[in-house]
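Shown next, in structure tokens, is the structure this report addresses.
Numbering (our numbering), first residue to last: 1278 to 1719.
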């Protein structure tokens, strides 16, 4: 008698999954590495892995909407003559004109102003759209120095010296030639239509001593009025934060690997840097060790999506957060209404950042004059303001539930972690225990 084994379901490799194999085929066919936008797409420990411990008998909750819960934050109190005062602890991150259209930059400025917060220029210089509609504008000084000039430094409300970015710490960004229009080329002093790659480090300094000199130069140019931020990618947050403070920064901006970018190598985005959650505790520890926590403000960015993320970052020790990708979505980017046009480009709504070559149907990440007309800066700015309002209300609701009358009064003691990894990274106990991995319980 012949016996036949029952058929089995074919099993695919977890290592060589469909995406890994498609990347191998693409590399074999083209001989070039993949370039895309956005931030890391792999699942890493994030704010969702933390929970708040609301008040009950042992803690006294505040009554919603009747008892005050403040959200104001002042940035740049260390040395600047004119610190920035914000109504909410949420700022808009640097996104360049070139990567974004002029109407999109205007909408960011309008939304931030309606919300009482700041926006940031990004690589490529200051546009009149953004300066004209941003009550508080942070001007970025990047390694490329595209569009940088003393006049705009003085016109800004704060200066952000960008050393690193979460999506590409240690690496430079790219802007493909399709986005180098006449105006972008003029602002950046570049040839039109030619791919541009930003430098990975500043050309005139090689370490923290040089950074201190650069910060002093900027302070002299701006008459010591403007707060000076230093932005670092999530690589070695303890030492980078400590050195930024030693160099004279008023504010440290810490960007985790979920932070986005206009375009860079995917291998960079997915395999360099640390998750945002892993970066906060070492940075706060550095500030505490130097006696500078709350004296030098800490802004955290990279994957902030809602008021719970804001509240958790503040509870871990940040003074404010910054949003980039979420702000673009609020403006209308990656909107399913344009799905048919996304598909014609070989993409889909929600993943258009993979396809960054200048034909964004939403009119936000493009320099195409016809596509840009689809962005109504007034309406888009109002959507961003609505989104920022909701995030702030959510953070306030959580703070009140923990018995706090200011969102800055949230603390690690208000949190627990759902996973061992999140507990170890954040330094808060695993839920249901008093155990923090790596710390003795004795």
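Virtual Cβ for every residue (Gly too), placed ideally from N, Cα, C. Because the structure is a prediction, the values reported are computed rather than measured.
Asked	Found
Could you give the residue range of the alpha helix (DSSP H) that holds residue 1701?	1697-1703
When burial is assigned at 16 or more other CB atoms within 10 Å of the CB, is residue 1293 buried or exposed?	exposed
For residue 1534, which option in 1296, 1319, 1300 and 1307 has the closest C-alpha, if you only look at C-alpha atoms?	1319
Below 8 Å on the Cβ atoms is my contact criterion, and I expect residue 1399 with residue 1373 to pass it. Report the Cβ-Cβ distance as a whole number of Å.	3 Å
Can you tell me whether residue 1343 is buried or exposed? The criterion is at least 16 other CB atoms within 10 Å of its CB, across all chains shown.	exposed
Between which two residues does the beta strand (DSSP E) holding residue 1578 run?	1574-1578
So, for residue 1354: in the same chain, excluding its five sequence neighbours on each side, which residues have a beta-carbon less than 6 Å away from its beta-carbon?	1360
Should the region 1494-1510 be regarded as contacting the region 1404-1414, the criterion being three or more beta carbon pairs within less than 8 Å?	no
With burial defined as no fewer than 16 other Cβ atoms inside 10 Å of the residue's Cβ, what is the status of residue 1426: buried or exposed?	exposed
Using the three-state DSSP reduction, which class does residue 1534 fall into: helix, strand or coil?	coil
Can you list, in chain order, the residues of its chain with a C-beta nearer than 6 Å to that of residue 1479? Leave out the 5 residues immediately preceding and following it.	1420
With burial defined as no fewer than 16 other Cβ atoms inside 10 Å of the residue's Cβ, what is the status of residue 1348: buried or exposed?	buried
Looking only at its chain, what residues have a beta carbon closer than 7 Å to the beta carbon of residue 1575, apart from the 5 residues adjacent to it on each side?	1529, 1531, 1560, 1561, 1564, 1594, 1595 and 1596
Going residue by residue through the region 1373-1422, where are the continuous alpha helix (DSSP H) segments of at least 4 residues, counting only ones entirely within it?	1379-1392 and 1405-1410
Output the distance between the C-alpha atoms of residue 1468 and residue 1458, rounded to the nearest integer angstrom.	9 Å
Where do the ends of the beta strand (DSSP E) carrying residue 1584 lie?	That residue, residue 1584, is in no beta strand (DSSP E); its alpha helix (DSSP H) goes 1584-1592.
If contacts are defined as beta-carbon pairs under 8 Å, then residue 1640 and residue 1655 qualify, I think. What distance do you get, rounded to the angstrom?	Rounded, the Cβ-Cβ distance is 14 Å, inconsistent with contact.
Any contact of the region 1667-1674 with the region 1578-1590, i.e. 3+ C-beta pairs under 8 Å?	yes
Which of the three DSSP states, helix, strand or coil, is assigned to residue 1443?	coil
Note down the Cα distance separating residue 1719 from residue 1711, rounded to an integer number of angstroms.	Interpretation of residue 1719 is limited by its pLDDT of 45, a score under 50 that renders its predicted location unreliable; the figure taken from the coordinates is listed afterwards. Taking the straight line joining both Cα atoms gives about 11 Å.
Measuring CA to CA, which of 1647, 1326, 1521 and 1684 is closest to residue 1573?	1521
For residue 1623, count neighbouring C-beta atoms within 10 Å of its own C-beta (all shown protein chains included) and say buried if the count is 16 or more, exposed if not.	exposed
Report the rounded CA-to-CA distance for residue 1401 versus residue 1682, giving the unit in angstroms.	40 Å
Does the separation of the CB atoms of residue 1602 and residue 1333 fall below 8 Å?	no
Rounded to a whole number of angstroms, what is the C-alpha to C-alpha distance between residue 1723 and residue 1546?	It is not possible to answer for residue 1723, since the shown part of the chain is limited to 1278 through 1719.
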